[in-house]
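Structure, as structure tokens:
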Amino acid sequence: MYATTLRCVFCGTDYPLTHRGSCTLCARPGEENALHETLGVQYDLAALKRQLDREELARRPAGLWRYHELLPVVDPTFRIDLGAGGTRLVRLTRISEAVAGSRLLMKVEGSNPSGSFKDRPIGVAASVALEQGARGLACLTSGNIGSAMAAIAAKAGVSSLVMLLGAAGLADQEASVNVEKYVQISAYGAEVVTPMGNLGQLYALADRIEAELGWSFLHNVQAYQTDGDKTTAFEICEQLGWQAPAAVFVPTGTGTNLFGLWQGFVLFKELGFIDTLPRMYAVQPMGAASLVAAWEAHQAIPSVLERIEPNLAPPISHRVSGYHAYKAMQESGGGAVAVADADMFAAMKDLASYEGIYAEMASAAALAGIRSALALDLLETEEIRQGSIVGILTSHGLKNSLALTQIFPPQTKVEGTLEALHSYLELKKVELKK
Ligand SMILES: [Zn+2]
1 MYATTLRCVF CGTDYPLTHR GSCTLCARPG EENALHETLG VQYDLAALKR
51 QLDREELARR PAGLWRYHEL LPVVDPTFRI DLGAGGTRLV RLTRISEAVA
101 GSRLLMKVEG SNPSGSFKDR PIGVAASVAL EQGARGLACL TSGNIGSAMA
151 AIAAKAGVSS LVMLLGAAGL ADQEASVNVE KYVQISAYGA EVVTPMGNLG
201 QLYALADRIE AELGWSFLHN VQAYQTDGDK TTAFEICEQL GWQAPAAVFV
251 PTGTGTNLFG LWQGFVLFKE LGFIDTLPRM YAVQPMGAAS LVAAWEAHQA
301 IPSVLERIEP NLAPPISHRV SGYHAYKAMQ ESGGGAVAVA DADMFAAMKD
351 LASYEGIYAE MASAAALAGI RSALALDLLE TEEIRQGSIV GILTSHGLKN
401 SLALTQIFPP QTKVEGTLEA LHSYLELKKV ELKK
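Residue 113 in our numbering sits at position 113 of the sequence shown, and the numbers go up by one each step.
The structure is reproduced here in structure tokens:
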């Protein structure tokens, strides 16, 4: 075991690995603020350097547990393996920016077992929780965390409870839940409820579930979720021939994934596996962009938004993003951009129709963010042409297809004859010209 302590990136306080919840000096339970997810897992770097090298890692099968020394699970029997990780890093070739010479790559996280990147953070956090004695698993989610957790719980043979919301930031705005995710979570056998109340009230409920039932509420082991997110960064570096990209664009709600990726790049550099670090960019939907507002105001601790505006990306619609993400953007020389629904839709459609990658709208935000950064001249020409610009496509498009039935109307019924088909195609051609 190479993990040593949990350390607050804001105040520097260390906690034992069994600590639950946030840094007690920085955040109060139940209160929404940007200092809730400041804990990160520390490792014994000297021991890791003696134990691990690039050749050893390269010999192992792909996936989350390829990096087990860099993850905090001690007993191999608790490393629950659904086959998470080992996803493709795809170079775009047909969308206009790629044709114009930009070196754009997408990390396709929708091909994880439950269809989203959450199989990494939840895979690690749930494994730690069960190793530390949890009797069941619980979470509060707009869907992807719930799907990942319910799948892990099924494989581990423990009970799970999913509190499903339309979007975390919309806890008390009565947004409807994502039907595909509800069905997927239910299929894995989890109990699914939609609790009524504001987020503070729901976190208080979560604490009681943990204290009185002995279940692990996964928000309380946030540091271990972040730790699982590191593996995405490890894979990207390996896939680029042990090099970091020039910049990474991450669809960002709370900011945990962005911070986890950054920790992964930093750890690989500290171990001597890569020489440089990427710039980290957060991409948020307009109307739910607390990190973008904070970045523009040079305010390291983002403020909680009064309300968030409904948009096409509920998974990344939170009232506040974390200080940890701001810090990663700042340390890396990156930034934050906000994208409109139309930009996310165009990115989703282009990824699917030019590159054959069907991503959830909140994931396609990554490409929309890259486009926004290119338009705003945030990236150097050399970075765009020589380095690699990586977008994290966090989840699969099938996660949220029903919401798009207004945009893609039902298909036309055509008589089964060549003449009728011909007339239809002629008609389409006329329509397309308009
Ligand atoms: Zn602290």
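We put the CB at the ideal spot given by N, CA and C, even for glycine.
Given a cut-off of 8 Å, decide if ALA373 and MET329 are closer than it, judged by their beta-carbon atoms. Locating residue 329 in the sequence shown gives position 329, where the first residue counts as 1. Locating residue 373 in the sequence shown gives position 373, where the first residue counts as 1. Taking 8 Å as the Cβ cut-off, MET329 and ALA373 do not qualify as a contacting pair.
Among residues of its own chain, excluding the 5 on either side of VAL124, which ones have a beta-carbon nearer than 6 Å to its beta-carbon? Within the sequence shown, the letter at position 124 stands for residue 124. Hits under 6 Å: LEU71, TYR224, ASP227 and GLY228.
Considering only heavy atoms of ligand 1, list every residue whose Cβ is less than 7 Å from one of them, following chain order. CYS8, PHE10, CYS11, THR13, CYS23, LEU25, CYS26, LEU35 and THR38
Starting from GLN284, trace the beta strand (DSSP E) both ways and give me its first and last residue. Counting from one through the sequence shown, the residue named residue 284 turns up at place 284. That run of the beta strand (DSSP E) goes 279-285.
Please report the distance separating the alpha-carbon of ILE357 from that of VAL108. On the sequence shown, residue 357 is found 357 positions in, with the first residue counted as 1. On the sequence shown, residue 108 is found 108 positions in, with the first residue counted as 1. Cα to Cα, ILE357 sits roughly 8 Å from VAL108.
So what does ALA47 bridge to, in DSSP terms? Locating residue 47 in the sequence shown gives position 47, counting from the first residue. Per DSSP, none; premise fails for ALA47.
Going by CA-CA distance only, name the one from LYS349, ARG371, ALA336 and ALA375 that's closest to SER401. Here residue 401 refers to the residue found at position 401 of the sequence shown. The candidate whose alpha carbon is nearest that of SER401 is LYS349.
What number of angstroms, rounded off, separates the C-alpha of ALA338 from the C-alpha of ASP119? Within the sequence shown, numbered from 1, the residue matching residue 338 stands at position 338. Within the sequence shown, numbered from 1, the residue matching residue 119 stands at position 119. Those two C-alpha atoms are separated by around 26 Å.
Considering only the alpha carbon of each residue, which of GLN406, HIS298, LYS327 and ARG208 lies closest to TRP262? Walking along the sequence shown from the start, residue 262 turns up at place 262. Closest by alpha carbon: LYS327.
What is the rounded straight-line gap between the Cα of LYS49 and the Cα of ILE236? Residue mapping note: residue 49 aligns to position 49 of the sequence shown, counting from 1. Residue mapping note: residue 236 aligns to position 236 of the sequence shown, counting from 1. About 20 Å.
Please work out which residues of its chain come closer than 6 Å, Cβ to Cβ, to ARG20, disregarding the five sequence neighbours upstream and downstream, and give them in chain order. Within the sequence shown, the letter at position 20 stands for residue 20. Same-chain partners within the cutoff: ASN220.
Rounded separation between LYS429 and HIS422 - CA only: Position 429 of the sequence shown, counted from the first residue, corresponds to residue 429. Position 422 of the sequence shown, counted from the first residue, corresponds to residue 422. Taking the straight line from one Cα to the other gives about 11 Å.
Rounded to whole angstroms, what is the Cα-Cα separation between ASN198 and ARG7? Within the sequence shown, the letter at position 198 stands for residue 198. Within the sequence shown, the letter at position 7 stands for residue 7. So the alpha carbons of these two residues sit roughly 29 Å apart.
Of all the alpha helix (DSSP H) runs that stay within the bounds of the region 286-324, which reach a length of 4 or more residues? 290-296
So who's on the other strand from TRP107, going by DSSP bridges? Indexing the sequence shown from 1 puts residue 107 at position 107. As written in the sequence, residue 107 is Lys, which differs from the Trp given in the question. The partner list for LYS107 (beta bridge, DSSP) reads LEU89 and ILE392.
Within the continuous alpha helix (DSSP H) that includes CYS237, where are the two ends? Here residue 237 corresponds to residue number 237 of the sequence shown, with the count starting at 1. Looking at the DSSP string, the run of the alpha helix (DSSP H) that includes CYS237 is 222-239.
I need the boundaries of the beta strand (DSSP E) containing GLY264, first residue and last residue. Against the sequence shown, residue 264 aligns to sequence position 264. Run containing GLY264: none in the beta strand (DSSP E); it sits in the alpha helix (DSSP H), 256-270.
Beta-ladder partner(s) of ALA359, from DSSP: Walking along the sequence shown from the start, residue 359 turns up at place 359. In the DSSP output, where bridge partners are listed per residue, ALA359 has HIS396.
If you draw a straight line from the alpha carbon of VAL73 to that of ILE384, how long is it in whole angstroms? Along the sequence shown, read from residue 1 onward, the residue named residue 73 stands at position 73. Along the sequence shown, read from residue 1 onward, the residue named residue 384 stands at position 384. Straight-line Cα distance between these residues: approximately 38 Å.
For ALA138 versus ALA206, is the C-beta distance shorter than 8 Å? What you label residue 138 is simply residue 138 of the sequence shown in a count that begins at 1. What you label residue 206 is simply residue 206 of the sequence shown in a count that begins at 1. A contact, by the Cβ cut-off of 8 Å.
Considering Cα atoms alone, identify which of ILE370, TYR354 and MET344 is closest to GLU360. As a position in the sequence shown, residue 360 is number 360, starting the count at 1. Ranking ILE370, TYR354 and MET344 by Cα distance to GLU360 puts MET344 first.
Does the structure place the region 141-160 close enough to the region 73-92 that three or more beta carbon pairs sit under 8 Å? yes
With 16 other CB atoms within 10 Å as the buried threshold, where does PHE268 fall? For the purposes of this step, residue 268 is taken as residue 268 along the sequence shown, with counting starting at 1. By the 10 Å Cβ count, PHE268 comes out buried.
Same chain only: Cβ atoms within 7 Å of ILE95, ignoring 5 sequence neighbours per side: Sequence index remark: in the sequence shown, residue 95 carries index 95 (1-based). Cβ within range, chain order: ASP350, TYR354 and GLU355.
Can you check whether the C-beta of ARG91 is within less than 8 Å of a C-beta belonging to chain D? This model lacks chain D altogether, as it is built from one protein chain only.
Following the continuous beta strand (DSSP E) through GLU191, name the residue where it begins and the one where it ends. Numbered from its first residue, the sequence shown carries residue 191 at position 191. Counting along the chain, the beta strand (DSSP E) containing GLU191 begins and ends at 191-193.
What is the rounded straight-line gap between the Cα of ILE301 and the Cα of GLY255? Numbered from 1 along the sequence shown, position 301 holds the residue referred to as residue 301. Numbered from 1 along the sequence shown, position 255 holds the residue referred to as residue 255. Spanning the two alpha carbons is a distance of roughly 12 Å.
MET280 vs SER363 beta-carbon contact at 8 Å: Numbered from 1 along the sequence shown, position 280 holds the residue referred to as residue 280. Numbered from 1 along the sequence shown, position 363 holds the residue referred to as residue 363. Taking 8 Å as the Cβ cut-off, MET280 and SER363 do not qualify as a contacting pair.
Unbroken stretches of the alpha helix (DSSP H), 4 residues or longer, contained in the region 3-36: none
VAL177 versus LEU367, ILE370 and ALA313, residue with shortest Cα-Cα distance: By one-based count along the sequence shown, residue 177 stands at place 177. The shortest Cα separation from VAL177 among LEU367, ILE370 and ALA313 belongs to ALA313.
Hey, out of GLU37, GLN42, GLY86 and ALA233, whose CA is closest to PRO61's CA? For the purposes of this step, residue 61 is taken as residue 61 along the sequence shown, with counting starting at 1. Of the candidates GLU37, GLN42, GLY86 and ALA233, the one whose C-alpha sits nearest the C-alpha of PRO61 is GLY86.
Straight-line Cα distance separating GLN243 from ASP275: Position 275 of the sequence shown holds residue 275. Position 243 of the sequence shown holds residue 243. Answer to the nearest angstrom: the Cα atoms are 7 Å apart.
Where THR417 falls: helix, strand or coil (DSSP): For this step, residue 417 is matched to residue 417 along the sequence shown. Correct three-state label for THR417: coil.
Roughly how many angstroms separate the alpha carbons of THR232 and THR394, rounded to a whole number? Residue mapping note: residue 232 aligns to position 232 of the sequence shown, counting from 1. Residue mapping note: residue 394 aligns to position 394 of the sequence shown, counting from 1. Distance between the alpha carbons of THR232 and THR394: 11 Å.
If you count every other CB in all the chains shown that lies within 10 Å of the CB of CYS11, and 16 or more means buried, which is it? To locate residue 11, count along the sequence shown from 1; it is residue 11. Exposed.
Nonlocal neighbours in the same chain, by C-beta distance under 6 Å from ALA340, ignoring five residues either side: Locating residue 340 in the sequence shown gives position 340, counting from the first residue. Once the five neighbours on either side are set aside, the close Cβ partners of ALA340 are MET286.
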